[in-house]
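Residue numbers (our numbering), protein chains in the order written: chain A, 666 to 834; chain B, 666 to 834.
Cβ coordinates follow ideal geometry from the N, Cα and C atoms, glycine included.
This report concerns only the one structure given below.
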DNA sequence: TTTGAAACGTTATAATATAACATTTAAAGA
DNA sequence: TCTTTAAATGTTATATTATAACGTTTCAAA
């Protein structure tokens, strides 16, 4: 179980470049499978979204893009929409922000843990949550197309921090 | 069970004025209990949010307020924020819109069914969903402060409609 | 009756997102 | 290889959602 935990909330010191490389390879494959073009721009935006394990806003992405040259909002939004459609990234509605999808190989609903302290996020994709939601909906004759679950709170390392701060007071 | 179902997705023909009256009485009570002022403006905004069993945008509320006289965005947002803080309304993040809370007597997380066809919504507040989410979070040492669940799909009556349309083709 | 905090008004502007149309690119057929 | 055409991108303008900042009013408690 502890291996699983480490997969969920990634520590600050992991080899993040490797994360990005793996994500990029996955994305490449997904695009190929679906006959979509993974252009330089889309690749760059995807990379920017992945560059932190934190949700990033569209205009933040835009700013970083502008470091390379001129760019306008539609450029960013089009790339984000493309990536969203393919399930390569998700949108966190409560933050107006975007995150890289951890397992884009198959389509799935978004279930997110978001740390209110450090803003780190983790994707759950729990079949149990999905089943429970579908059952609750079925109980009232509602036909589910998709769902999003956004869970705000404290990630493991921030819980520890808060705890030790409390002790020091 | 069928009584429960009718509570969830309200039919078009129910006595909606009565809904509003009941909601207003509840709101009144909640405000009193917490020593908050339920001013004319707040009352009016609350009423406007409740006037349909559908999510309503802040600027839609503004437009309706302006039928009574001059009003600017901050007026609406302040009233909405007040009502949100007290749990008298909820915000549907995926729609940037607001809905009246069906049981504001105790604080709770938002769990919503939203019909993609007619835009009607229902509030679930399912302890089972809450428990499942909390358990999933606990599995990865995450401390939950709050969550929102937004479920998009088809409500019972729109399912029937779509079904009969299919048959007519 | 004063007074101070809360509520509200008003103006300006920030932050997020899209519409509409021009231009470029690149894959697929001639 | 050239042409064509659909997809992708660039560009300008603007829509939509939300808040900052500050002045004025209201109203309950002292």
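Cβ-Cβ separation between residue 811 (chain B) and residue 817 (chain A): approximately 5 Å, consistent with a contact (criterion under 8 Å). Spatial neighbours of residue 755 (chain A) in its own chain (CB-CB distance under 6 Å, excluding positions within 5 residues in sequence) are listed in chain order as 764, 766 and 775. When C-beta distances to chain A are compared with 7 Å, the residues of the stretch 790-820 of chain B below that value are 791, 793, 794, 797, 798, 801, 802, 805, 806, 807, 808, 809, 810, 811, 812, 813, 814, 815, 816, 817, 818, 819 and 820, in chain order. Using a Cβ-Cβ cut-off of 7 Å, residue 758 (chain B) counts as an interface residue toward chain A, since at least one Cβ of chain A sits closer than that to its own. At a cut-off of 7 Å between C-beta atoms, residue 748 (chain B) does not count as an interface residue with respect to chain A.
Counting every other CB atom within 10 Å of its CB across the protein chains shown gives residue 718 (chain B) a total of 16 or more, marking it as buried.
Annotation for residue 707 (chain A): 744, 747 and 748 place their beta carbon closer than 7 Å to its own, counting only its chain and skipping 5 residues before and after. Around the beta carbon of residue 705 (chain B), fewer than 16 other beta carbons lie within 10 angstroms, which makes this residue exposed.
With respect to the C-alpha of residue 737 (chain A), the residue from A:826, A:715 and A:710 having the closest C-alpha is A:710. Listed along chain B are 805, each with a C-beta nearer than 7 Å to that of residue 674 (chain A).
In the DSSP assignment, residue 711 (chain A) falls within the unbroken alpha helix (DSSP H) covering 705-715. For residue 730 (chain A), none of the residues of chain B pass the 8 Å Cβ criterion, the least Cβ distance being about 25 Å. Fully contained in the stretch 748-831 of chain B are the following beta strand (DSSP E) runs of length 3 or more, in chain order: 754-757, 762-765, 775-780, 786-788 and 808-819. For residue 688 (chain A), the enclosing alpha helix (DSSP H) has its first and last residue at 681-698. A direct Cα-to-Cα measurement between residue 739 (chain A) and residue 696 (chain B) gives close to 44 Å.
Pairing residue 773 (chain A) with residue 790 (chain A) gives a Cβ-Cβ distance under 7 Å.
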